[in-house]
Amino acid sequence: MLIYLDSANLDDVKAAADLGVLDGVTTNPTLIAKERVDYGKRLADICQIVKGPVSAEVIATEAKAMLIEGRERAKIAPNIVVKLPCTIEGLKACKAFSDEGTKTNMTLCFQTLQALMVAKAGAFLVSPFIGRLDDIGEDGMELIRTIRAVYDNYGIKTQILAASVRHTNHLLHCALAGADVATCPLSVIKDTMKHPLTDIGLERFLADYKAAFPG
Ligand code: E4P
Numbered sequence: 178m179l180i181y182l183d184s185a186n187l188d189d190v191k192a193a194a195d196l197g198v199l200d201g202v203t204t205n206p207t208l209i210a211k212e213r214v215d216y217g218k219r220l221a222d223i224c225q226i227v228k229g230p231v232s233a234e235v236i237a238t239e240a241k242a243m244l245i246e247g248r249e250r251a252k253i254a255p256n257i258v259v260k261l262p263c264t265i266e267g268l269k270a271c272k273a274f275s276d277e278g279t280k281t282n283m284t285l286c287f288q289t290l291q292a293l294m295v296a297k298a299g300a301f302l303v304s305p306f307i308g309r310l311d312d313i314g315e316d317g318m319e320l321i322r323t324i325r326a327v328y329d330n331y332g333i334k335t336q337i338l339a340a341s342v343r344h345t346n347h348l349l350h351c352a353l354a355g356a357d358v359a360t361c362p363l364s365v366i367k368d369t370m371k372h373p374l375t376d377i378g379l380e381r382f383l384a385d386y387k388a389a390f391p392g
């Protein structure tokens, strides 16, 4: 499973890239709003650090305007992926972008049929939001499983990008469900390498060594 960072914060991007296992980055208008920086400039800075896919979400809500905005974003760097909502207008824009060879990430996916339709329109990535479904008492992971099953039925190549990942248990179950990619905050990426027994074990190894070879 590929791991993307879900952030528009440059320090987070640098820290995640330094780990050596970062495959891409996703941004969204909320993440950019938190940074209070120019969206285009920040995307260019992220693309300097990360060579994998970097998702740039459009603000426009109508297909024609999405195309204009997305084309501008796509000029920023060759690894920009235009992020569009799973709406009727987003679907039209997705088809137009895929016809002209621009990769898309179809976001705000909350039902399997949205994922089927955007795949038909040539989406490169589809982003089912696990955490937000869990928040309203549904089972977000079930959406990953059903999209996986439908995509496998038809040999669909659109990659399933699990989004709205809140903790490592989400990440583990994304991998078990066959998500192609998971995008998560830096804290979740770091948490994958934490276990109290690792810390205790390391402490003991070092203490034993020091006791045997003082100085
Ligand atoms: C990523 O592409 C999504 O925009 C992001 O994961 C949404 O996460 P949230 O539900 O925590 O806002």
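Here this note's numbering is used: the first residue of the sequence shown is 178, the next is one more, and so on. Ideal Cβ placement from N, Cα and C applies to all residues, glycine included.
Endpoints, alpha helix (DSSP H) assigned at residue i
{"i": "V231", "result": "Careful: V231 lies outside any alpha helix (DSSP H), inside the beta strand (DSSP E) at 231 to 234."}
{"i": "S364", "result": "363 to 368"}
Cβ neighbour criterion (16 or more within 10 Å) applied to residue i
{"i": "I313", "result": "exposed"}
{"i": "D385", "result": "exposed"}
{"i": "L349", "result": "exposed"}
Sequence-distant residues of the same chain with beta carbon closer than 6 Å to residue i, five excluded per side
{"i": "A292", "result": "C286, V303, I324"}
{"i": "A185", "result": "T204, L208, I209, E212, R219"}
{"i": "T335", "result": "A296, A300, V303"}
{"i": "H133", "result": "The shown model of the chain, from 178 to 392, leaves out residue 133, and the question about it has no answer."}
Limits of the beta strand (DSSP E) - the one that residue i falls within
{"i": "L187", "result": "Element bounds for L187: not the beta strand (DSSP E) but the alpha helix (DSSP H), 187 to 195."}
{"i": "C286", "result": "281 to 286"}
{"i": "T203", "result": "201 to 203"}
{"i": "V303", "result": "302 to 305"}
{"i": "D183", "result": "179 to 183"}
Pairwise C-alpha distance: residue j and residue i
{"i": "G278", "j": "A298", "result": "12 Å"}
{"i": "G217", "j": "L208", "result": "13 Å"}
{"i": "G201", "j": "L187", "result": "13 Å"}
{"i": "L261", "j": "V227", "result": "21 Å"}
{"i": "C361", "j": "G392", "result": "43 Å"}
{"i": "V231", "j": "R381", "result": "42 Å"}
{"i": "V235", "j": "A339", "result": "19 Å"}
{"i": "I396", "j": "D357", "result": "Shown here, the chain extends from 178 to 392; a query on residue 396 therefore has no answer."}
{"i": "G378", "j": "I321", "result": "36 Å"}
{"i": "K371", "j": "A237", "result": "40 Å"}
{"i": "I180", "j": "K387", "result": "38 Å"}
Nonlocal neighbours in the same chain, by C-beta distance under 8 Å from residue i, ignoring five residues either side
{"i": "I253", "result": "G217, L220, A221, C224, A233"}
Same chain, Cβ closer than 7 Å to residue i, five either side skipped, listed in chain order
{"i": "A192", "result": "L363"}
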